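Undergrad: My questions all concern the structure below.
Chains as they are written, first to last, in the working numbering: chain A, 50 to 480; chain B, 70 to 257.
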């Protein structure tokens, strides 16, 4: 097949998988071929969109109305819209059947906690967890109903938690287990089984950070995710399931990570590992996935990258003008990156900030609740969703404009690793 | 082409307590948003789901939009995020044998999205309409049957009294021709 024939087949839905693989290789090897094909692809996409938008328009309008609003509720609507946040109504229009279907898929990743102290956890009381903190869109589905979740609520076994992209919820159990469910995640809390299985949580997608208070679980616990298993004792670590990959990052203690029943790989503190396609890749230092750029005093055009205990030091370039701070960094490989900044600034200042990667669309640091506290703030888009960049190997530029009323100490670029630096004491303390 | 002034007026009405005015916003932007999302997602039914999510999300976050700025750009930002999230969810469910086709579509969609930065989809859409008007009768008929009436290749072939293979080839030529036409019109 020629590339034209492959493209035609793709658009007609008849492209065989082996030809798709060859086509992919061709597209990746030549920017010209990719550009030409993508323009035809865009025509196909636009033509598809032009077809009968009437029914779709009616569906969208119905969905908006299904938010529970009507012209008769004008005062309530006005207040709600002006606040810009109506989590409780938003949950009504979620397509629960689709969610439920996803839950049933074997491909969905499973995080499995077997806590020795929770043997016989079937006796665990309702409200096995307490919500220690909650922000953004967070909901819980229990007993067939979905409702917003708030700090102080109890969460019983059998519930399903979901976070919007701007959401974060932290749960604590009486037995020294802390769970932080991050944005864009869904977590089931099935009732604990008996025997050695103990308690169990299932991460369908997204990312969850776990902290087990040392000594609180002397029998240890096992974590299963995406077909892989991890066993830990008195530790802090993060498991995430994205697409076909299960990622593990260990910030304290040790975790054994591998296929259930197989020989695990020991992942030590400060290391991360990925499980994909039935195998676990050799763990690498978390620091190798980080580019840390320290911004010194105002006016000093200096930034450097150094992570504690890694031995790896990279120097990056920085340029500061009255209008903007520009930081350059180099990626050794094509990566999906998230960007964080250690800041101490007010929500108003963060709202005024404009941060761009390679001159792209403006984003901003996520606003903090307490302007006096130094925190790692993630770069988010105008919708509050975490900004993710698929960047090629080589040099890239980060420009930061406006919002300079507070402090900016460090910028952190995280490659292919869903970690929250706020949960990494070594990062927070040394940088 | 979206009427920015009409959109802004409708948004003011929504903020003043008339949620039904949001339907004006939907009507003005729906084709553009649908086309934009289609860059990233090939499956039509999933596109419609994401379109729905986009508008619901926009309505919920309307308080974050600054009137008088670029609503369409703001809306497209949300649309892209929703599309990429939906695509990731879809990938998790895909069978292994579908993955190369999916990756090709993603690569082409991402490249189309890059072009969109230089030539907004609304401009591409406007140019495409003019280019379709300039098509010959047979090409226009094929295009209409395939895209606007949603017929499969076999049915299009039957109605055009030819083979499905011939229709596939001809349609691809039409699409490629339209792509060049759009580029020429945008540049001019």
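The beta-carbon is built from N, C-alpha and C at its ideal position, and this holds for glycine as well. Here the structure is a predicted model, which is why all the values come from computation and not from measurement.
Relative to the C-alpha of residue 186 (chain A), which candidate in A:400, A:214 and A:205 has its C-alpha closest?
TA: As a working mapping, residue 186 (chain A) is identified with position 137 in the first chain. Of A:400, A:214 and A:205, the residue nearest in Cα terms is A:214.
Undergrad: To the nearest angstrom, how far is it from the Cα of residue 243 (chain B) to the Cα of residue 295 (chain A)?
TA: Numbered from its first residue, the second chain carries residue 243 (chain B) at position 174. Numbered from its first residue, the first chain carries residue 295 (chain A) at position 246. Between residue 243 (chain B) and residue 295 (chain A), the C-alpha separation is close to 43 Å.
Undergrad: Per the contact definition of three or more C-beta pairs closer than 8 Å, is the segment 454-463 of chain A in contact with the segment 387-406 of chain A?
TA: yes
Undergrad: So, is the C-beta of residue 107 (chain B) closer than 8 Å to a C-beta in chain D?
TA: You won't find chain D in this structure, because its protein chains are A and B.
Undergrad: By a C-beta neighbour count over all protein chains shown, 10 Å radius and 16 as the cutoff for buried, is residue 358 (chain A) buried or exposed?
TA: Position 309 of the first chain, counted from the first residue, corresponds to residue 358 (chain A). Residue placement at residue 358 (chain A) cannot be trusted, given a pLDDT of 34 that sits under 50; the coordinates are not used to answer.
Undergrad: In whole angstroms, what is the alpha-carbon distance linking residue 177 (chain B) and residue 206 (chain A)?
TA: Residue numbering aside, residue 177 (chain B) sits at position 108 when the second chain is read from its first letter. Residue numbering aside, residue 206 (chain A) sits at position 157 when the first chain is read from its first letter. Cα atoms of residue 177 (chain B) and residue 206 (chain A): separation of roughly 44 Å, rounded to the nearest angstrom.
Undergrad: Could you tell me whether any Cβ in chain A is nearer than 8 Å to the Cβ of residue 231 (chain B)?
TA: Translated into the one-based positions of the second chain, residue 231 (chain B) becomes position 162. No, its Cβ sits nowhere closer than 8 Å to a Cβ of chain A.
Undergrad: Residue 441 (chain A): buried (16+ other C-beta within 10 angstroms of its C-beta) or exposed?
TA: Numbered from 1 along the first chain, position 392 holds the residue referred to as residue 441 (chain A). Flag for residue 441 (chain A) reads exposed.
Undergrad: Just tell me which of B:151, B:149 and B:127 has its CA closest to the CA of residue 140 (chain B).
TA: Counting from one through the second chain, the residue named residue 140 (chain B) turns up at place 71. The candidate whose alpha carbon is nearest that of residue 140 (chain B) is B:127.
Undergrad: Output, in sequence order along the chain, the residues in the segment 68-80 of chain A whose CB is closer than 8 Å to any CB in chain B.
TA: 69, 70, 72, 73, 76 and 77
Undergrad: By the 8 Å beta-carbon criterion, what residues does the segment 204-236 of chain A contribute toward chain B?
TA: Listed in chain order, the positions of the segment 204-236 of chain A with a beta carbon within less than 8 Å of a beta carbon of chain B are 214 and 233.
Undergrad: Determine the closest residue to residue 184 (chain B) out of B:226, B:83 and B:109, with distance taken between C-alpha atoms.
TA: What you label residue 184 (chain B) is simply residue 115 of the second chain in a count that begins at 1. The residue with the shortest Cα to Cα distance from residue 184 (chain B) is B:109.
Undergrad: Can you give me the Cβ contacts of residue 439 (chain A) inside the same chain, cut-off strictly under 6 Å, excluding the 5 residues immediately before and after it?
TA: Start at 1 with the first residue of the first chain, and residue 439 (chain A) comes out as number 390. In its chain, beyond the 5 residues on either side, 385 have a beta carbon closer than 6 Å to the beta carbon of residue 439 (chain A).
Undergrad: Does the segment 51-60 of chain A come within contact of the segment 236-254 of chain B, defined as at least 3 CB pairs closer than 8 Å?
TA: Touching, yes, given that three or more Cβ pairs across the two stretches are closer than 8 Å.
Undergrad: Whose CA, out of A:71, A:250 and A:99, lies closest to the CA of residue 173 (chain B)?
TA: Taking the second chain and counting its residues from 1, one reaches residue 173 (chain B) at position 104. For residue 173 (chain B), the closest of A:71, A:250 and A:99 by C-alpha to C-alpha distance is A:71.
Undergrad: Leaving aside the five residues before and after residue 430 (chain A) along the sequence, list all residues of the same chain whose C-beta is less than 7 Å from its C-beta, in chain order.
TA: Residue 430 (chain A) sits at position 381 when you count from the first residue of the first chain. These residues qualify, in order along the chain: 412 and 436.
Undergrad: Between the C-alpha atoms of residue 236 (chain A) and residue 208 (chain A), what's the straight-line distance to the nearest angstrom?
TA: Within the first chain, numbered from 1, the residue matching residue 236 (chain A) stands at position 187. Within the first chain, numbered from 1, the residue matching residue 208 (chain A) stands at position 159. Straight-line measurement puts the Cα of residue 208 (chain A) at about 9 Å from the Cα of residue 236 (chain A).
Undergrad: Chain B partners of residue 410 (chain A), CB-CB under 7 Å?
TA: Numbered from its first residue, the first chain carries residue 410 (chain A) at position 361. Within 7 Å Cβ-Cβ: 146.
Undergrad: On the DSSP letters alone, give me the boundaries of the alpha helix (DSSP H) that residue 99 (chain A) sits inside.
TA: Taking the first residue of the first chain as 1, we reach residue 99 (chain A) at position 50. Residues 80-99.
Undergrad: Would you identify the three-state DSSP class for residue 481 (chain A), choosing helix, strand or coil?
TA: Given that chain A is displayed from residue 50 to residue 480, the structure contains no residue 481 (chain A) and the question cannot be resolved.
Undergrad: Could you check whether the segment 307-322 of chain A touches the segment 72-87 of chain B, counting it as contact only if at least three pairs of C-beta atoms, one from each stretch, sit closer than 8 Å?
TA: no
Undergrad: From the DSSP secondary-structure annotation, give me the bridge partner or partners of residue 414 (chain A).
TA: Here the question's residue 414 (chain A) lines up with position 365 in the first chain. Answer by DSSP bridge pairing, in chain order: A:428.
Undergrad: Only counting the same chain, and skipping five residues up and downstream in sequence, which positions put a Cβ closer than 6 Å to that of residue 134 (chain B)?
TA: Counting from one through the second chain, the residue named residue 134 (chain B) turns up at place 65. Answer for residue 134 (chain B): 143, listed in chain order.
Undergrad: Do residue 181 (chain B) and residue 94 (chain A) have their C-beta atoms within less than 8 Å of each other?
TA: Within the second chain, numbered from 1, the residue matching residue 181 (chain B) stands at position 112. Within the first chain, numbered from 1, the residue matching residue 94 (chain A) stands at position 45. Result yes, Cβ atoms of residue 181 (chain B) and residue 94 (chain A) sit closer than 8 Å.
Undergrad: List the residues of chain A whose Cβ lies closer than 8 Å to the Cβ of residue 150 (chain B), in chain order.
TA: Position 81 of the second chain, counted from the start, is the residue given in the question as residue 150 (chain B). Per Cβ cutoff of 8 Å: 214, 430, 432 and 434.
Undergrad: Any chance you could list the beta strand (DSSP E) runs of at least 3 consecutive residues sitting entirely within the segment 172-208 of chain A, in chain order?
TA: 178-184, 187-191 and 194-197
Undergrad: Name, in chain order, the residues that DSSP records as bridge partners for residue 251 (chain A).
TA: For the purposes of this step, residue 251 (chain A) is taken as the residue at position 202 of the first chain. Note: residue 251 (chain A) sits in a beta bridge opposite A:237.
Undergrad: Mind listing the chain B neighbours of residue 404 (chain A)? Cutoff is C-beta to C-beta under 8 Å, in chain order.
TA: Within the first chain, numbered from 1, the residue matching residue 404 (chain A) stands at position 355. Correct list: empty, because the minimum Cβ distance to chain B is about 14 Å.
Undergrad: Leaving out five residues before and five after residue 96 (chain B) in sequence, what residues of the same chain have Cβ atoms less than 7 Å from its Cβ?
TA: One-based indexing of the second chain puts residue 96 (chain B) at position 27. For residue 96 (chain B), where only same-chain residues beyond five positions count, there are no Cβ hits under 7 Å.
Undergrad: Is any beta-carbon of chain A found at less than 8 Å from that of residue 166 (chain B)?
TA: Against the second chain, residue 166 (chain B) aligns to sequence position 97. Residue placement at residue 166 (chain B) cannot be trusted, given a pLDDT of 45 that sits under 50; what the coordinates show is reported in the next sentence. Judged by the 8 Å Cβ criterion, residue 166 (chain B) is in contact with chain A.
Undergrad: Here's a check: name, in chain order, each residue in its chain whose Cβ is nearer than 7 Å to the Cβ of residue 356 (chain A), leaving out the five neighbours to either side.
TA: Here residue 356 (chain A) is taken as the residue at index 307 of the first chain, counted from 1. Only weak support is given to the placement of residue 356 (chain A): the predicted model assigns it a pLDDT of 39, under 50, and the question is left unresolved by the model.
Undergrad: Would you please verify whether the beta carbon of residue 397 (chain A) is less than 8 Å from any beta carbon of chain B?
TA: Position 348 of the first chain holds residue 397 (chain A). Taking Cβ atoms only, chain B never reaches closer than 8 Å to residue 397 (chain A), which makes this a no.
Undergrad: Which class does residue 332 (chain A) belong to by DSSP, given the choice of helix, strand or coil?
TA: Numbered from its first residue, the first chain carries residue 332 (chain A) at position 283. In this structure, residue 332 (chain A) counts as coil in the three-state DSSP scheme.
Undergrad: Could you tell me the boundaries of the beta strand (DSSP E) in which residue 402 (chain A) lies?
TA: Within the first chain, the letter at position 353 stands for residue 402 (chain A). Careful: residue 402 (chain A) lies outside any beta strand (DSSP E) and carries neither H nor E.
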